[in-house]
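Sequential numbering from 1 applies to the sequence shown in the UniProt record's numbering.
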Amino acid sequence: MKQRQGIMTLIFAAVLSIGLLGGFTSTADVSAKQTVKVVKVQKVATKAYRATKGYMYNSPKLTKKIHNLKNYPKTTFYSKKRVTIKTTNNKTAYYTYVANKSGKIKGYVYSKYLKLYQPTKTTSTSSSNSQSDNSISTPQVISKSSLSSLIAASPDLDPTGELLSLTSADYKTYQSVFNKNFNVGNYADEGVFTDDQASIYVKSPTLQPYVQKAIDKWNTALGTTVFTLGTAQNHSLTLGFGNGQSEGWDGVFDGDSVQVDYYDFHDRTYPYGPMPLPSSQTIQIKLSTDDTDVDGAAEGMAATRVKQSAATHRDTSAHYLTTTVSGTPTELLENYWVGVITHELGHALGLDHTPYFQDIMAAPASTEDGQSQENAKYDWTTYKDSDNVQGGALTATLSQRDIDRAKLTKLLGYW
């Protein structure tokens, strides 16, 4: 994530962020005949919906109607991302990308035409089934109070100890509790992970060594092969360059793809300024310049463009965090971009942001454009770490909290 003119914004996605429908007003479905500009893409947790009316479009620009939703009154659709668009008359509207279970019916639907759907559970009343059910012991589910005690006894946002050794029934029963208390969710598109693995096709050879290092970090930390390199013909996740300049991201995850900003990747002064730095340099990371909501780290970095305190005039209206980096220019820049990619792969694993600068998944605020991230234990507006902690995204370092949360999302079935 980067800062442009002192204010940080996200494309989310991604990266990054996860939005709700509040904050704007829109009264009607947008006509496909209008010129549409996509101003934001946000990943969202998978939820079941039924369509009440309207049409499904082939793209977020609403260029073509592909389905009349009145023909699918009993079809359950599952969400993966939400886009914010603006029309030629400057009206704002929200569309959600949904697909049915098979993935054959998929597209963009006006969000207000989607209604959350809770399937009705059915039970058999036949005597034979009753006898069969009685012969099978029902797994005992931990009580909610006991689970709450375990959560309270663990470090903030870090599922430790018994929380990682409960039964599958426990994780299924209390999925929403785990999501909310540990800032996690099911963010990867269906099919990205098969048998707990995802295969990444790297579109640019320039990025491949960075991707390999990010892959190695997650695989080593989790003690299993989660990510592998794939090919153009055989992959479940793509990773390549994109243009993050206008939307303010260094990296972005969008359900089945990761993009890295082409321009800043090739800017040897980003994010540290003119190189080389001294072998060990204390820097101050500028978090924000006013009260505007910021979300840094999401799409690649745990903060924003960093500035050397000795060489840059200090803006007294801004918030800063002091940290120390060391290494050659090549090492510093490599660590930064490996950190960007490692962060985005964390989103694929189901990890949302935390307020801890030491985490690879850190962000200085829980809001994006005034909207809280979907799964957040609480709201925050600055890092909870003290100064002089090592930045996870700056050094491409996974914290124990990152690792434990990733282990939890596996138990929850998100990868």
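Beta carbons are placed, not taken as given, at the ideal position from N, Cα and C, and that holds for glycine.
- Going by DSSP, arginine 268 is part of no alpha helix (DSSP H) at all; its letter is neither H nor E.
- In the assembly as shown, glycine 161 is an exposed residue. Its beta-carbon has fewer than 16 other beta-carbons within 10 Å.
- Burial of threonine 96 is indicated by the presence of at least 16 other C-beta atoms within 10 angstroms of its C-beta.
- Every beta strand (DSSP E) stretch that sits fully inside the segment 32–110 and reaches 3 residues is listed by chain position as 36–43, 48–51, 55–57, 65–68, 77–87, 92–100, 106–110.
- In this chain, the alpha helix (DSSP H) harbouring tyrosine 336 covers 329–348.
- In the displayed model, tyrosine 113 falls within a helix according to three-state DSSP.
- Comparing C-alpha distances from asparagine 388 to each of Ser326, Arg405, Gln373, Ile403 shows the shortest one belongs to Ser326.
- DSSP, reduced to helix, strand and coil, places isoleucine 215 within a helical segment of the structure shown.
- Counted as a single uninterrupted DSSP element, the stretch harbouring alanine 406 is not any beta strand (DSSP E) but the alpha helix (DSSP H) occupying residues 400–411.
- Judged by their CB atoms, valine 98 and lysine 61 are not nearer to each other than the 9 Å cut-off.
- When secondary structure is reduced to three states using DSSP, glutamine 208 falls in the helix class.
- As DSSP reads the structure, glutamine 197 sits in a beta bridge with Thr194.
- Contact annotation: tyrosine 110 and threonine 76 have beta-carbon atoms that are not nearer than 9 Å.
- Assigned with DSSP and collapsed to three states, glycine 230 falls in coil, not helix or strand.
- Residues Asp29, Leu69, Val109, Tyr110, Tyr113 of the same chain have their beta carbon placed closer than 8 Å to that of glycine 54, with the five preceding and five following residues left out of the count.
- Check the Cα spacing between arginine 82 and each of Pro155, Lys40, Asp379: the tightest is with Lys40.
- Closest in alpha carbon position to proline 155, among Asp404, Leu412, Tyr263, Tyr414, is Asp404.
- Taking asparagine 58 as the centre and dropping the five residues before and after it, the same chain places the C-beta of Lys64, Ile66, Gly107 closer than 7 Å to its C-beta, in chain order.
- The alpha-carbon separation between threonine 228 and leucine 345 amounts to approximately 12 Å.
- Counting C-beta pairs with one atom in each stretch, the segment 368–383 and the segment 173–187 have three or more that are closer than 8 Å, which means they touch.
- Setting aside the 5 residues that flank it on each side, threonine 231 is surrounded in the same chain by Tyr201, each with a C-beta closer than 7 Å to its C-beta; the list follows chain order.
- The shortest C-alpha to C-alpha distance from alanine 93 to any of Asn100, Ser236, Val36, Asp352 is the one to Val36.
- Between the alpha carbons of serine 199 and glutamine 208 lies a gap of roughly 13 Å.
- Following the DSSP letters along the chain, one finds glutamine 175 inside the alpha helix (DSSP H) bounded by residues 175–182.
- Residue nearest to tyrosine 187 within the set Gly350, Arg401, Thr409 is Gly350 (criterion: CA-CA distance).
- Under the three-pair Cβ rule at 8 Å, the segment 208–226 counts as touching the segment 390–403.
- In this chain, the beta strand (DSSP E) harbouring glycine 242 covers 237–242.
- Taking a 10 Å sphere around the C-beta of glutamine 118, we find fewer than 16 other C-beta atoms and assign the residue as exposed.
- The beta carbon of serine 399 is closer than 6 Å to those of Gln358, Asp359, Gly392 in its chain, skipping five residues each way along the sequence.
- Residue pairing by DSSP places phenylalanine 253 opposite Val258 in a beta bridge.
- Looking at the backbone, the Cα of asparagine 335 and that of proline 271 are separated by about 11 Å.
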